[in-house]
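Written out below as structure tokens is the structure these notes cover.
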Amino acid sequence: MTDGPAPVLEARGISKGFPGVLALDGVSFRLAAGEVHALVGENGAGKSTLIKVLTGVHQPDRGELRLHGGQVSFGTPLEAQRAGISTIYQEVNLVPQMSVAHNLLLGREPRGRLGVIDASRLNALAADLVAGMGLRLDVRRPLRSLGMGAQQMVALARAVSIDARVVIMDEPTSALEPREVDTLFGVISDLRAQGIAVVYVSHRLEELYRICDRVTVLRDGRVAHTGPLGELERVKLIALMLGRDTTDVRLRGQTEFAGRHTAKNGQPVVEARALSRRHQLHDVSIRVRPGEVVGLGGLLGAGRSETAKAIAGALPFDGGAVVVAGHPVRKGSPSAAIRAGASLLPEDRKAEGIVPTMSVRDNIALAALPRLSRAGIVSEAKLDRVVATLMSRLRIKATSPHQKVSELSGGNQQKVLLARSLATGAKVLLLDEPTRGIDVGAKAEVQALIDELAAEGLGVLLISSDLEELVEGSDRVVVLRDGAVVGELSGDEVTEEAIMNAIAEGGGVDG
Amino acid sequence: MADTAAVLPKPLGSRTRALAWLQRYGVYASVLALLLFNVAFTPHFLEVANFRTQLIQVAPIVIVSLGMALVIGTEGIDLSVGSVMALSSAMVVLYLGYGAPVAIVAALVAGAIVGASGGALVAYAGVQPIVATLALLVGIRGLANVLVPQLTEFRNPTLITLGSRSVLGLPLVVIIAAVLTAVVAFVVKRTIFGRQLVAVGGNRAAAKLSGLPVRRILVTVYVLSGLLAAVAGVLATARLQASDPTSLGLLMELSAITAVVVGGTPLTGGRVRVLGTVMGALLIQLLQATLIKHNLPQSWTQMVQAVIILAAVYAARGRKK
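Just so you know, the protein sequences line up as chains G and L, in that order. Residue 1 is where the first sequence starts when you use UniProt numbering, and the numbers rise one by one after that. Residue 1 is where the second sequence starts when you use UniProt numbering, and the numbers rise one by one after that.
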């Protein structure tokens, strides 16, 4: 191991086991002051467990933690926080009803006489903190009135203001818009300049290369690699995470999409005609033919999810029409859309997708129950057959169909939702960010599945913020901006550059 | 292997596992323990007459709790059940002149209508279940009192049969409760409606996106709860041969909620344990009987009941972490 500058935080030979699985197996991790350290690995590699050990949520079975050279052990997250280790989770854990200022200074409010909170000083202090991070926002507003990005900034501002020496960020950008990501990275650079160490966990390779100095790759509970990130080729990094040969990965390209599909001619399997909805959609028209993957490009808030939801009946619209397989579909009715053959894979898997209390089997069958029953009584045999077929077809890894869906990994949960759509006998799949937040291996599998399904004649509408995925996966790409179609690319025109140009210029394929 | 980690159930600590066991089977273990205690220490406990009494007394609680379990399964709650019992009792008295069958049907229809109103408030007006059914709890009790202002006795042979007859040695009331339990269990386990109501409780947004008729399911669930409460009201009235809307079904909602929660159905919805609910009702009944037989006052029962509720909620909470 190299001797860099003295580490702020160091983990030595950490092991942590849970019944049936050794989550960490002799992991060592050094974090130097003023560095942004990427922590990467597939789901199940041990990232979350390592973070939980570093922040006092879990106690290691073996090994030791050293902070500023001295051995420490954290019994609770609070002890870790007091020692200067702050964590910012994917979901912001602040109090949404309280003002930004109250959140920033929660528990440390300036008090006037009689111990009453001094509101004007509170707001002034908070305003300073926020301004210090280059943010412009009214600290008196309730937190929940802010966008996800701004809320995350507030969480970060709070973490830094508690005199943190180490800030751990777990997927901080998953809910941010590109503009907000830029702000966040500005703040991270400032932290680095102040000598604060940042642990940065993300699935987005782009971001890692933009902001991180060093990287530690975990695989199966062990350290697979640690070193400067700049010197590490992307392909090599992916190979380290996957545990595959570099050449293997390079050959396959970076997504699992095989290439163009041969769309069958004939009538479109789904057609959106001039969909309009106040403030959200303006005359959006899209057609998808059987066997075709149509990508929806655009930034967050461009109306991509709204378009998919409107087609799926989950969002009422003011004008326009949706036609599935030649039949007009009643608007605002998910069940009508499903009966007609359009099924949505929602963007937010947890909130709108899985039913955590139910089994894998019941989750898969959920939308197809009317097809799997007679006179209101579910045919268990029929259901078992459909579930077994889909589970093996989509390679869903579960101990049994009766395992609770909440116990599966993110990637497998996503496949369960895909199975739910297929069980309805869908002719067109509306996939909203199908690979977001799942590990690299599962991502590749889902991409391969999308390919297979299209090859079998399904129409696919694909929404993805991952440009690479969009380009490699789609036969055509319709680009949206501010709720309107601003470009359509097909064949060889489908490139990352062309999509970005379309977004930037609102038209014109050439940049 | 990363795969193994993904496939294995999330690692559970021994404490969490104990709590999970407690939530699922604690009620069975407690009923068993109480039975054994009584066999050992309560005189005349093993006599048939005693068992009959216990079962007859628990039957209305079981019936009401079945409906409550369905409502709680959708992440709702129905506080109106006790008042619905009173209303159905009042309806029996009012319509007895037209014959017992008409009176019973009138009582059941009244219960269903109250349920439908609660369901409509929840499903269409977006009122929180606890608020909607609290309003009904107060209002319907008042209505029942207006309809039948004082204790009214009657003698009707059909109702006497319903309330007091036995078939093959089993009280009719108990048979009805058992049949209803079987029907509700079947509905939950085997029908589309049963699966859908559990999904509505587990994740309403997902249920909606999957094309489930969420509002219709919610209304139906409250209608069933009202209907079952009315059945319990009719049976209690038939047994008493009297209607007393001021006291009938008082605090029944609390017993029912306790039975459901103690039986392992979480208040957060997404799961319905029918047999557990019946066991929960039995537990409360046995506890009451035990304390009374050992000459401890009713207030003791309430305090012990409180401890059991807390234990059940604790087991459910600890498991979630």
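Here a beta-carbon is modelled for each residue, glycine too, at the ideal position from N, C-alpha and C.
- Listed along the chain, the chain G residues whose CB falls inside 8 Å of the CB of Thr191 (chain L) are Ser373, Gly376, Ile377, Val378.
- In terms of Cβ geometry, Leu87 (chain L) and Ile140 (chain L) form a close pair [threshold 7 Å].
- Annotation for Ala127 (chain G): the continuous alpha helix (DSSP H) segment containing it runs 119-132.
- Going by beta carbons, Gly63 (chain G) and Arg12 (chain G) fall inside the 7 Å limit.
- Annotated three-state conformation of Asp170 (chain G) is strand, per DSSP.
- Among the residues of chain G, those whose CB is under 8 Å from the CB of Ala199 (chain L) are Val355, Met358, Asp362, Leu366, following chain order.
- Rounded to whole angstroms, the separation of the alpha carbons of Pro96 (chain G) and Ser166 (chain L) is 59 Å.
- Straight-line measurement puts the Cα of Leu408 (chain G) at about 20 Å from the Cα of Leu50 (chain G).
- Between Ala229 (chain L) and Val127 (chain L), the C-beta gap is not smaller than 7 Å, which leaves the two residues out of contact.
- When CB distances to chain L are screened at a threshold of 7 Å, the residues of the segment 327-349 of chain G falling below it are Pro334, Ser335, Ile338, Leu344, Pro346, in chain order.
- The C-beta distance from Met241 (chain G) to Arg219 (chain G) rounds to 7 Å, short enough to meet the 8 Å contact threshold.
- Comparing alpha-carbon positions, the option among G:Gly291, G:Ala351, G:Leu345, G:Val167 lying closest to Glu433 (chain G) turns out to be G:Leu345.
- The residue among G:Leu54, G:Arg192, G:Gln71 with its C-alpha nearest the C-alpha of Glu35 (chain G) is G:Arg192.
- Of the candidates G:Arg136, G:Asp170, G:Pro110, G:Val199, G:Arg136 places its Cα closest to the Cα of Glu180 (chain G).
- For Phe29 (chain G), the uninterrupted beta strand (DSSP E) segment begins and ends at 21-32.
- For a cut-off of 8 Å, the C-beta gap from Arg144 (chain G) to Gly295 (chain G) is around 33 Å, too long to register as a contact.
- Taking a contact as a CB-CB distance under 8 Å, the pair Val269 (chain G) and Gly459 (chain G) counts as one, their CB atoms being some 4 Å apart.
- Contact annotation: the segment 73-80 of chain L touches the segment 212-226 of chain L, with at least three C-beta pairs closer than 8 Å.
- The beta-bridge partner set that DSSP reports for Gly112 (chain G) is empty.
- The segment 143-159 of chain L and the segment 254-262 of chain L do not touch, with fewer than 3 CB-CB distances between them shorter than 8 Å.
- Contact between Val329 (chain G) and Gly313 (chain G) holds, with the beta-carbon distance rounding to 7 Å and staying under 8 Å.
- The Cβ neighbour count for Asn295 (chain L), taken over all protein chains shown within 10 Å, is under 16; the residue is labelled exposed.
- Of the residues L:Val187, L:Val58, L:Ser247, the one whose Cα lies closest to the Cα of Asn145 (chain L) is L:Ser247.
- Runs of the alpha helix (DSSP H) spanning 4 or more residues and lying entirely within the segment 406-470 of chain G occur at 410-423, 440-455, in chain order.
- Cβ contact annotation for Leu275 (chain G) (same chain, cutoff 6 Å, sequence separation greater than five): Leu281, Val284, Ala310, Phe317, Gly320, in chain order.
- In summary, Gly99 (chain L) is exposed, with fewer than 16 beta-carbon neighbours lying within 10 Å of its beta-carbon over all protein chains present.
- Contact residues of the segment 207-234 of chain L toward chain G are Ala207, Lys208, Leu209, Ser210, Gly211, Leu212, Pro213 (C-beta to C-beta distance below 8 Å).
- Counting of Cβ neighbours within 10 angstroms places Thr76 (chain G) among the exposed residues, the total staying below 16.
- Taking 7 Å as the cut-off, the beta carbon of Gly298 (chain G) is found closer than this to the beta carbon of Leu480 (chain G).
- The distance from the Cβ of Gly134 (chain G) to that of Gly186 (chain G) is about 6 Å, consistent with a contact at the 8 Å cut-off.
- Within the segment 277-347 of chain G, the runs of alpha helix (DSSP H) at least 4 residues long that lie entirely inside it are, in chain order, 304-311, 334-340.
- The C-beta distance from Met85 (chain L) to Gly233 (chain L) rounds to 3 Å, short enough to meet the 8 Å contact threshold.
- Bounds of any alpha helix (DSSP H) do not take in Phe18 (chain G); it lies within the beta strand (DSSP E) bounded by 7-18.
- The beta-carbon separation of Ala340 (chain G) and Val360 (chain G), rounded to 27 Å, does not stay under the 8 Å limit for a contact.
- Taking one beta carbon from each stretch, the segment 377-396 of chain G and the segment 419-430 of chain G have 3 or more pairs nearer than 8 Å; the two touch.
- Of all residues in the segment 427-452 of chain G, only Asp439, Gly441 come within less than 8 Å of chain L when Cβ atoms are compared, listed by chain position.
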